[in-house]
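Here the structure comes first, spelled out in C-alpha cells, and everything after it is commentary.
In C-alpha cells, the structure reads:
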C-alpha cells in the first residue's frame, strides 16, 4: 500500500467521515458512508478500523468463479447482494487489492476531485486493470452507491432495490436469470427469505450462494430458505476471517457475549479485539457430495 496506511494502522481522527454511532445490535453504525455519490467517504470511515472482508472474499470468490467456469460456456454471472459501491466487483474483476482501493480513495489527490472528475478517472482506472470474463450484477438499497458502481463500469447491471421491504422489479428478475453465483460480504444479518426466495425462483439453473457471515449472528434461517430450492449449506469451520477491529469496549463485550451465546469460542478472535466472519457456501446436494467445501477451496485461505 502506498498512499494509504496499512489496515492495521490507525490514521488521525480527521480521516474519518464522522464519529461512528451505536447500532441497535451492539455494533457501531457507519450509515453516513454507505450512500454517498462516490466511495471516498466509505473508505475514509472504514480504514481506521481495518475493515478487510472484501480482501478475504477476493480469494474465495475467484476460486468459486473458476470452479463454476469449468461447467460454463458463457462468462459466469455473479449477483452481489448488498453490493454498495461495487467493491467486490472491483476486486473480482481487476488486478487490484483492497489496499489499492484504500490508497486510491483516501489519497489527497482523490480528495481534491469532484464526484464527476473522480468518476471519469475511475472509468479509465478500472478499464485498464480488467482481468478475466465475469459478469457482475449488483443489488443494494443504496441508490447512490449502485449508481456510482454502474457509472465506472464495475457492474454490468445494478439495481437499487430493497427486497426485504418490497417485491423485486421485473427488470431485476430478468437480469438475474443466468446467475451462477450469489455473493454476500456484508448485510447477511439484514437479509431473509424475502430477498433470496424471488431471486432463486427466477434463476434458471441451480446456483451457488457464498456468504461471509459475522459470528455474532446466525445463518440458520437463510440456509433453511435456500434448502427449499435444493441447496445444501456448508460452513467452513476454519479459518474464520477478521472483519474489522472493534471501535470501543462496548463492541468487544457485545461480540464476545454474542459469539459465546452462539456456542462458538471467542478466544483468539473476538476476544483479541476484532469481529470475525465465517464462510458459508450453499450448493446442490450432489455437488456437495462430490466435492466438499474444504476440497473445493483448497489450501491457502
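In my numbering, the protein residues as written are 5 to 305.
Using N, Cα and C, we set each Cβ at its ideal position, and we do this for glycine too.
Exercise. For residue 96, which option in 81, 122, 168 has the closest C-alpha, if you only look at C-alpha atoms?
Worked result: Numbered from its first residue, the chain shown carries residue 96 at position 92. Of the listed residues, the one whose Cα sits closest to residue 96 is 81.
Exercise. Does the region 81 to 92 come within contact of the region 136 to 146, defined as at least 3 CB pairs closer than 8 Å?
Worked result: Cβ pair count under 8 Å is three or more, so yes.
For this session: Would you mind giving the Cβ-Cβ distance between residue 202 and residue 177, rounded to the nearest angstrom? I have them listed as a contact below 8 Å.
Result: Residue numbering aside, residue 202 sits at position 198 when the chain shown is read from its first letter. Residue numbering aside, residue 177 sits at position 173 when the chain shown is read from its first letter. Yes, they are in contact, since the Cβ atoms of residue 202 and residue 177 sit about 7 Å apart, within 8 Å.
Exercise. So what's residue 19 in DSSP terms, helix, strand or just coil?
Worked result: For the purposes of this step, residue 19 is taken as residue 15 along the chain shown, with counting starting at 1. Confidence at residue 19 is low in this model, with a pLDDT of 33, below 50, so the placement of that residue is unreliable and no value is reported for it.
Problem set entry | For residue 26, the three-state DSSP class (helix, strand or coil) | If you number the chain shown from 1, residue 26 lands on position 22. Caution is warranted here: a pLDDT of 48 is assigned to residue 26, below 50, making its placement in the model unreliable, and no coordinate value can be reported.
Problem set entry | Distance between residue 103 and residue 247 (C-alpha atoms, nearest Å) | By 1-based counting over the chain shown, the position of residue 247 is 243. By 1-based counting over the chain shown, the position of residue 103 is 99. Spanning the two alpha carbons is a distance of roughly 14 Å.
For this session: Express the C-alpha separation of residue 290 and residue 118 in angstroms, rounding to a whole number.
Result: Here residue 118 refers to the residue found at position 114 when the chain shown is read from its first residue. Here residue 290 refers to the residue found at position 286 when the chain shown is read from its first residue. Computed Cα separation, rounded: 51 Å.
For this session: Determine which residues share a DSSP beta bridge with residue 213 and list them.
Result: In the chain shown, the residue the question calls residue 213 occupies position 209. DSSP output for residue 213 lists 186, 286 as bridge partner(s).
Exercise. Just curious, the alpha helix (DSSP H) that residue 255 is in, first and last residue?
Worked result: The count along the chain shown starts at 1 and reaches residue 255 at position 251. Following the DSSP letters along the chain, one finds residue 255 inside the alpha helix (DSSP H) bounded by residues 253 to 265.
For this session: Quick one: grab the DSSP three-state call for residue 163.
Result: Reading the chain shown from its first residue, position 159 is the one you call residue 163. Residue state for residue 163 is assigned as strand, using DSSP reduced to three classes.
Exercise. With DSSP run on the structure shown, which of helix, strand or coil describes residue 170?
Worked result: Within the chain shown, numbered from 1, the residue matching residue 170 stands at position 166. Taken through DSSP and simplified to helix, strand or coil, residue 170 comes out as coil.
Exercise. For residue 160, which option in 189, 83, 76 has the closest C-alpha, if you only look at C-alpha atoms?
Worked result: Taking the first residue of the chain shown as position 1, residue 160 is located at position 156. The option with the nearest alpha carbon to residue 160 is 83.
Problem set entry | Buried/exposed call for residue 239, threshold 16 Cβ in 10 Å | Here residue 239 is taken as the residue at index 235 of the chain shown, counted from 1. With fewer than 16 Cβ atoms within 10 Å of its Cβ, residue 239 is classed as exposed.
Exercise. DSSP three-state call for residue 47: helix, strand or coil?
Worked result: Within the chain shown, the letter at position 43 stands for residue 47. Here residue 47 sits in helix by DSSP.
Problem set entry | Simplified DSSP assignment, three categories, for residue 52 | As a first step, residue 52 is located in the chain shown; it is residue number 48 there, counting from the start. In the structure shown, residue 52 sits in a helix (DSSP, three-state: H, G or I).
Exercise. Alpha carbon to alpha carbon, how far is residue 114 from residue 153?
Worked result: Position 110 of the chain shown, counting from 1, holds the residue named residue 114. Position 149 of the chain shown, counting from 1, holds the residue named residue 153. So the two alpha carbons sit approximately 17 Å from each other.
Exercise. Is it the case that the Cβ atoms of residue 162 and residue 193 are separated by a distance below 8 Å?
Worked result: On the chain shown, position 158 is the one that residue 162 refers to. On the chain shown, position 189 is the one that residue 193 refers to. Inclusion of residue 162 and residue 193 in the CB contact set at 8 Å is not warranted, their separation being larger than that value.
Exercise. Rounded to a whole number of angstroms, what is the C-alpha to C-alpha distance between residue 130 and residue 265?
Worked result: One-based indexing of the chain shown puts residue 130 at position 126. One-based indexing of the chain shown puts residue 265 at position 261. Between the alpha carbons of residue 130 and residue 265 lies a gap of roughly 43 Å.
For this session: Go ahead and pull the three-state DSSP assignment for residue 238.
Result: Taking the chain shown and counting its residues from 1, the one referred to as residue 238 is at position 234. If DSSP states are grouped into helix, strand and coil, residue 238 belongs with the strands.
Exercise. Between which two residues does the alpha helix (DSSP H) harbouring residue 127 extend?
Worked result: Position 123 of the chain shown, counted from the start, is the residue given in the question as residue 127. First-last of the alpha helix (DSSP H) with residue 127: 119 to 131.
Exercise. Out of curiosity, what's the CA-to-CA distance linking residue 300 and residue 116?
Worked result: Translated into positions along the chain shown, residue 300 becomes position 296. Translated into positions along the chain shown, residue 116 becomes position 112. Their backbone Cα atoms lie some 45 Å apart in a straight line.
Problem set entry | Check whether residue 226 and residue 196 have beta carbons under 8 Å apart | The sequence position of residue 226 within the chain shown is 222, counting from 1. The sequence position of residue 196 within the chain shown is 192, counting from 1. Yes, the pair counts as a contact, with Cβ atoms nearer than the cut-off.
Exercise. Using DSSP with H/G/I as helix, E/B as strand and the rest coil, what is residue 142?
Worked result: Position 138 of the chain shown, counted from the first residue, corresponds to residue 142. Strand, per DSSP.
Exercise. Given a threshold of 16 other Cβ atoms within 10 Å of its Cβ, counted over all protein chains shown, does residue 149 qualify as buried or as exposed?
Worked result: Your numbering for residue 149 matches position 145 in the chain shown. Here residue 149 is buried: its Cβ has 16 or more other Cβ atoms, across all protein chains shown, within 10 Å.
Exercise. How is residue 202 classed by DSSP in three states: helix, strand or coil?
Worked result: Counting from one through the chain shown, the residue named residue 202 turns up at place 198. Shown here, residue 202 sits in a helix according to DSSP, grouped into three states.
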